[in-house]
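When we follow numbering that gives the first Met the number 0, the leftmost residue of the sequence shown carries the number 0, and every step to the right adds one. Glycine residues also receive a C-beta, built at the ideal position from the N, C-alpha and C atoms. Fair warning: this is a prediction, and the values are worked out from it, not measured in the lab.
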Amino acid sequence: MSANLIVIPTYNEKENISQLIEAIKKEKVPADVLVVDDNSPDGTGKIAQRISQKEKWVYVLHRQEKEGLGRAYVAGFKWGMERGYTKLISMDADFSHPPEALKRLISLCDSHTISIGSRYIKGGKIVGWKWSRYLNSWGGNLVARLLLQVKVKDITAGFKCYPVNFLKKINLDKIQAAGYAFQVEMPHLAQEAGFKLVETPITFLDRKMGESKIHGELPKSAKLVFLLAIQKKSYRQFIKFCVVGAIGTVVDWGIFYPANFFLLRGFSQVNIQAIRQISKGISFIVSATVNYVLNRKWTFRSREKAIAQQAGKFFLVALGGLAINQIFFYLATGILLWRNIFGLILGTAAATLWNFFVNKKWTFKN
Ligand code: GDD
Ligand code: MN
């Protein structure tokens with residue numbers, strides 16, 4: 000038994016599977032093979048079964064129904080984990096993933112690194128795809144990378160090597176993708192779990208035999224990528240930050256009116272505008288304090304001990320936000336001659352972004 004296991008999901012791959020196993024054998028790859036077949040109507044499972052009787056390093060996992068690429072990989076990986084394999088490789092059955100690259104892929108993978116056979120880095124390429132399929136893949140890659148901020152060029156790649164401790168850490172039962180989005184969810188989880196991702200170039204050949212099963216998977220996968228994005232910690236934090244900001248605004252106004260009212264009654268001899276400014280100052284301090292506390296406890300869950308210093312930073316950032324709000328409001332209404340409401344929206348948006356990022360990176364760092 001080898002320490003490495005190549006997991007090959009199959010659905011109607013009778014023209015490919017024996018040749019592929021043959022090619023892996025020829026390459027003398029230091030790995031066993033597990034074919035995960037979803038009861039292919041064309042008999043792929045039986046063919047693989049027959050091969051496994053001769054080749055003791057080849058195994059087959061038969062599943063009752065076609066449940067999708069992601070589910071097949073989860074089942075295959077669990078099978079391998081139960082048997083003590085330390086590196087698990089994902090590979091298509093149709094020769095799109097070059098068997099010659101297996102050794103390189105495996106050697107780049109270690110206990111804290113996932114290696115990826117990449118089409119979109121220098122030296123990698125795709126041969127044989129129609130332009131429409133190419134466009135789909137390229138666009139999907141771009142959107143997924145932007146939404147999830149995963150630092151790889153080929154985020155939808157299917158040719159990868161995972162160390163077993165990564166698979167243990169993420170809990171395969173929590174994988175949300177049943178189908179092709181699995182290929183995006185895994186590098187996303189890897190990055191969130193602090194594992195390294197390295198890419199090595201491959202030439203992806205379109206299949207010569209059989210058919211792709213990706214047809215109709217796009218909407219489902221896009222939806223899942225979007226779901227993963229809004230579950231991301233940084234997006235959740237941003238939404239919380241906006242909620243806190245809205246509460247702060249309500250507090251701000253709720254303090255301003257009564258403060259102004261009572262100050263006017265108490266100090267009627269003083270300049271009305273001066274009193275207004277003082278009321279505004281008071282409401283700013285109160286609402287900023289409320290915001291600070293809520294953001295510390297809820298948005299960023301900070302446990303920093305130097306509270307006075309942290310609160311001071313928060314106030315400074317808020318003052319900066321105020322200035323930015325004014326500047327953008329002036330730009331919009333004074334220079335671009337927009338209507339007030341659009342000036343307010345632009346100013347608030349700019350200030351919110353400033354406040355969020357500076358507080359995240361500075362005030363609530365750690
Ligand atoms: N067991 C099982 N169950 N296997 C499946 C299923 C399923 O539901 N769906 C697909 N497969 C198998 C196929 O038989 C093949 O071996 C492999 O998964 C890849 O499927 P293809 O249908 O050949 O995918 P593709 O060539 O269109 O897509 C490739 O490129 C994508 C990125 O552009 C794959 O490498 C994808 O993983 C990759 O995301
Ligand atoms: Mn394919």
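Is it buried or exposed for residue i, if we count other Cβ within 10 angstroms and need 16 for buried?
i, result
"S110", "exposed"
"Q236", "buried"
"H214", "exposed"
"A307", "exposed"
"C108", "buried"
"C241", "exposed"
"K86", "buried"
"D91", "buried"
"R295", "buried"
"I229", "exposed"
"N15", "buried"
"F261", "exposed"
"V151", "buried"
"N164", "exposed"
"A71", "buried"
"F203", "buried"
"S220", "buried"
"A322", "exposed"
"W130", "exposed"
"N358", "buried"
"L145", "exposed"
"K136", "The sequence as given places Ser at residue 136; Lys does not occur at that position. S136 is buried by the Cβ-count criterion."
"A245", "exposed"
"S233", "exposed"
"Y329", "exposed"
"L226", "exposed"
"G79", "buried"
"S267", "exposed"
"G253", "exposed"
"I334", "exposed"
If you drop the 5 nearest sequence neighbours on each side, which residues of the same chain put their C-beta closer than 8 Å to that of residue i?
i, result
"A331", "W337, F341, G342, L345 and G346"
"I105", "N3, V28, P29, A30, K86, I88, S114 and C160"
"N324", "G346, T347, A349 and A350"
"A192", "F165, K168 and I169"
"N339", "T332"
"T248", "S286"
Which residues in the same chain have their Cβ closer than 7 Å to the Cβ of residue i, if we skip the five residues on either side of it in sequence?
i, result
"Y10", "D37, S39, K65 and K212"
"E99", "E26"
"F355", "F237 and F240"
"G139", "T155"
"T43", "T9, N11, E12, K13, I16 and D36"
Can you tell which of the options has the C-alpha that lies nearest to the C-alpha of residue i?
i, options, result
"I274", "F255, K121 and T288", "F255"
"A415", "S278, D41 and L223", "In the structure as shown, the chain begins at 0 and stops at 365. Residue 415 is therefore absent and cannot be evaluated."
"T112", "K195, L101, L60 and P97", "K195"
"I7", "M0, L33 and K13", "L33"
"A143", "D205, L217, P97 and V243", "L217"
"E54", "A177, R62 and S17", "S17"
"V126", "P97, P162, F327 and Q63", "P97"
"R62", "A287, T155, G123 and V35", "V35"
"K222", "R300, F181 and G311", "F181"
"V166", "A245, E81, V243 and Y133", "The displayed chain sequence assigns Leu, not Val, to residue 166. The shortest Cα separation from L166 among A245, E81, V243 and Y133 belongs to E81."
"L101", "F283, G157 and S233", "G157"
"N365", "G265, N339 and T298", "T298"
"K231", "I334, V149 and S95", "V149"
"K360", "E21, A305, G83 and S301", "S301"
"M0", "I46, G75 and G83", "G83"
Would you call the CB atoms of residue i and residue j closer than 8 Å?
i, j, result
"V250", "V289", "yes"
"I23", "I50", "no"
"E184", "Q175", "yes"
"Q309", "T362", "yes"
"L147", "V224", "yes"
"K77", "L188", "no"
"P206", "D93", "A quick correction: the sequence has Arg, not Pro, at residue 206. Taking 8 Å as the Cβ cut-off, R206 and D93 qualify as a contacting pair."
"G209", "L68", "no"
"S117", "P186", "no"
"E198", "I120", "yes"
"W353", "G320", "yes"
"F314", "A287", "yes"
"L318", "V243", "no"
"I20", "V59", "no"
Once you ignore the five residues that flank residue i on each side, which residues in its own chain have a CB closer than 6 Å to its CB?
i, result
"E303", "Q309"
"K124", "T202"
"W128", "D205"
Kindly provide the chain-ordered list of residues whose Cβ lies closer than 6 Å to any non-hydrogen atom of ligand 2. In chain order, the qualifying residues are D91, D93, S95, R206 and S211.
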